[in-house]
Amino acid sequence: MTGIIQLLPDHVANQIAAGEVVQRPASVVKELLENAIDAKAARITVVIRDAGKTLIQVTDDGLGMDVTDARLCFERHATSKIKTADDLFSLHTKGFRGEALASIAAIAHVELKTRQEEADLGTHLIIEGSEVKSQEPAVVPKGTTVSVKNLFYNIPARRNFLKSDAVEMRHIIDEFHRVALAHPDVGFQLLHNSDDLFNLPPTHLRQRIVHIFGSKTDERLVPVEEETEILKISGFVIKPEFAKKSRGEQFFFVNNRFIRSSYLHHGVVSAFEALIRNDQHPGYFLFLEVDPHSIDINIHPTKTEIKFDDEHAVYTLLRAAIKHSLGQFNIAPVLDFERDKNLDPPYEFQTRTPRMPTIEVDRDFNPFREESQKTGPPVFQKKQTSWESLYTGLKSPGSEAIHEFESSPDPEKIFEDQEFEEKQLTLQIQNKYLVSPVKNGMVVVNQNLAHQRVLYEELLKNITVKEAVSQQLLFPLKLDFSRPDMAILENIKEQLEFTGFIFSNFGQEQLSISGIPVLVQESRVEDLLNEMIAAISAGIPESSFSQNDLLARSMARSMAIRNGVFLNSGERSNLIDQLFACKEPTVCPAGKPVFKMINSEDLDRKFM
Ligand code: ADP
Ligand code: MG
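Take any residue in the sequence shown, count from 1 to its spot, add 69: that is its number in the working numbering.
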């Protein structure tokens, strides 16, 4: 019997390798950018079409390749960067595995144009699915252009697996940032369809950061500098008062290579301890230089993880260096750590004259009174309160169907029975739960989730019906965003306007807002927009219906009364009334239960 083992044909092996190297368009961008850097380019231009699904093109003015190399570079394990295994420990290049181009050529239509400076003619080569279709001499500029078209054309499963353009583009921009930050002396340009997303002139690190993340960043940076025998640290952290709720800019580079390390991240976070709140994330751009012999970068195929010989020492030094910088630049003492925004009065109260607290006593309350036992679902009292709605604009929503949820108990029925007596107190427990007696027990409502539900339905109605109430700002609010973030906002501009935003200027990196939705506090607008950007880049389907939903959801989440805020009796009953006027009061927009019923049988059981 003959053996059953066969060698895989090259193109199959390449396709398998491609699975490791190329997960998505952004992986291609990363590999091509790194090759351009390794080729000592001074200027690199990236052209993307349809988030890389149609075209990824990287042009550099680097060393170029001769005819032989132009063909050879698509072979697996073809690299000019290492010759022996020893070279692995003194790497000065990004690439070294000789896998990227072979992998990319296995799963896309690739075109290469390249010329070395001293050569008169360059090479033009076309390769599809690892098969060379043509190779000709050509008149091309010095350097190299690699065009990758129709990525995953021969692996439909992978192609179908790609996310929306917004998400894929976000990944591409992330990779672009990483390479551009590591090489401020190189000029970079990134174009997507007709948008000129970044045009970064050669400069130094601080300017590069500012060019990428906007001019406001400059005053937020605190330099970090430390040099010891085993480690050199340089770069910047973002001042604690500008820490973001969403994970902001967090970059580690080791020997100029972007890496991820939750361990080192923890070191940074601990240096910020007590300077930022638990729900905030520090921003940093940190460059570590170590002896290449003391690290192993080869433990992950896409090379973003790293192993240090002495991880603990690196951690301690990093933490100390940041603490030192924050102290030296007098960051720490000016901060008011204790201030909790939750304790600020909500906007609605800021404009009101304070009222003396009153104690309300229900004189008719009799704990021993028996309630007539009835069967059927719990019944809520329907109050005819004369309370002016605290949450202006929150009339009960219109009649259009918004969402269908399966729910129990049926909220309609809670209102149907009018027999339940009037004048019951709604209590607030731990400034978080509202407790109200109902027909056969009690209902416990989470105030934050309840308000989210109320706001969500109202906002969704505003967006879909396209009517909203704005509050004019006395002074327009100017906010800075990076270009890609602005592009995201531009996409949802209309919907934002339907919620009540009025934009007086929509620049490339700056936004002027002259009106905001009635329910939003001005101080929360920036957070709100950042949350929205984060949510959208984290991936939502592109239909406008889902976008509306997302928008309404994140606005509701950001605007809702927090847990921990005291509500007076009018506010409590108002919230409860509004909640049960909702189409779907049982769950919050994210699907969590808004209230729980505790019926008298549950209570009885507790006393057995
Ligand atoms: P690696 O970068 O790991 O060596 P690649 O598959 O990315 O492997 O590239 C293979 C080889 O092709 C490189 O080692 C380099 O010699 C050559 N090469 C790739 N891109 C370029 C470029 N933009 N300019 C010059 N040479 C390049
Ligand atoms: Mg490479």
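For every residue, glycine included, the Cβ atom is placed at its ideal position computed from N, Cα and C.
Everything numeric in this text was worked out from a predicted model, so none of it was measured.
Check, Outcome
"Cβ-Cβ separation, Val201 to Lys182 (assumed contact under 8 angstroms), whole Å", "Not a contact, Cβ separation roughly 15 angstroms."
"Cβ distance (whole Å) where Phe664 is taken to contact Asn500 below 8 angstroms", "No, Phe664 and Asn500 are not in contact; Cβ-Cβ is about 17 angstroms, not under 8 angstroms."
"Proximal residues to Pro466 (C-beta, below 6 angstroms), its chain only, five neighbours per side dropped", "Legend: pLDDT at Pro466 = 38, less than 50; position of this residue unreliable, value from coordinates given subsequently. Closer than 6 angstroms at Cβ, skipping near neighbours: Glu526, Lys530."
"Opposing strand residues paired with Lys218 [DSSP bridges]", "Leu124, His178"
"Neighbourhood of Arg227 by C-beta distance below 7 angstroms, restricted to the same chain and skipping five residues each side", "Phe221"
"Element boundaries [alpha helix (DSSP H), containing Phe567]", "562-568"
"Same chain, Cβ closer than 6 angstroms to Pro327, neighbours up to 5 away in sequence not counted", "The identity of residue 327 in the sequence shown is Phe, whereas the question assumes Pro. So the list reads Arg247, once near-sequence residues are dropped."
"Other residues of its chain near Glu180: CB distance less than 6 angstroms, five sequence neighbours each side excluded", "Ile195, Ser216"
"The segment 384-392 touching the segment 299-306, judged by at least three CB pairs closer than 8 angstroms", "yes"
"Coil, strand or helix - Glu186 by DSSP", "coil"
"Counted within 10 angstroms of its Cβ, other Cβ atoms place Val293 as buried (16 or more) or exposed", "buried"
"Bridge partner(s) assigned by DSSP for Tyr502", "Ile498, Asn515"
"Segment contact, 8 angstroms Cβ cut-off, at least three pairs: the segment 131-145 with the segment 250-264", "no"
"Inter-residue spacing [alpha-carbon to alpha-carbon] between Leu672 and Pro658", "30 angstroms"
"Spatial neighbours of Leu542 in its chain, beta-carbon cut-off 8 angstroms, leaving aside the 5 residues before and after", "Ile582, Ser583, Gly584, Ile585, Glu591"
"Rounded C-alpha distance that separates Ala86 from Ala175", "9 angstroms"
"Option nearest Pro78 by Cα separation, candidates Arg145, Ile117, Gln92, Leu101", "Arg145"
"The beta strand (DSSP E) enclosing Gln541, as first and last residue numbers", "539-549"
"Environment of Gln577 [buried if 16+ CB atoms lie within 10 Å]", "exposed"
"Where Gly576 falls: helix, strand or coil (DSSP)", "coil"
"First and last residue of the uninterrupted alpha helix (DSSP H) at Asn599", "594-606"
"Secondary structure, beta strand (DSSP E): runs of 3+ residues fully inside the segment 239-281", "256-261, 264-269"
"Proximal residues to Ala561 (C-beta, below 8 angstroms), its chain only, five neighbours per side dropped", "Reading the sequence as shown, one finds Ile at residue 561 and not Ala. The answer, listed in chain order, is Met601, Ile605, Gln616, Leu620."
"Opposing strand residues paired with Phe321 [DSSP bridges]", "Ile328, Leu355"
"Distance cut-off 6 angstroms: Ala175 Cβ against heavy atoms of the ligand ADP", "no"
"Any non-hydrogen atom of the ligand ADP within 6 angstroms of Asp29 CB", "This structure cannot settle anything about residue 29, because the visible part of the chain is limited to 70 through 677."
"Residues near Thr114 in its chain [Cβ-Cβ closer than 6 angstroms; skip 5 each side]", "Thr128, Gln258"
"Neighbourhood of Val512 by C-beta distance below 6 angstroms, restricted to the same chain and skipping five residues each side", "Ser505, Phe664, Met666"
"Per DSSP, cross-strand counterpart(s) of Lys301", "Glu296, Glu358"
"Gly304 to Val594 span [Cα, whole Å]", "30 angstroms"
"Bridge partner(s) assigned by DSSP for Lys313", "His350"
"Residues near Val589 in its chain [Cβ-Cβ closer than 7 angstroms; skip 5 each side]", "Leu597, Met628"
"Assigned exposure category for Phe320 - 16 Cβ within 10 Å defines buried", "buried"
"Among Phe282, Asp265, Gln497, Tyr332, the one whose alpha carbon lies nearest that of Asp379", "Tyr332"
"Cβ contact check for the segment 563-574 and the segment 533-552: 3 or more pairs under 8 angstroms", "yes"
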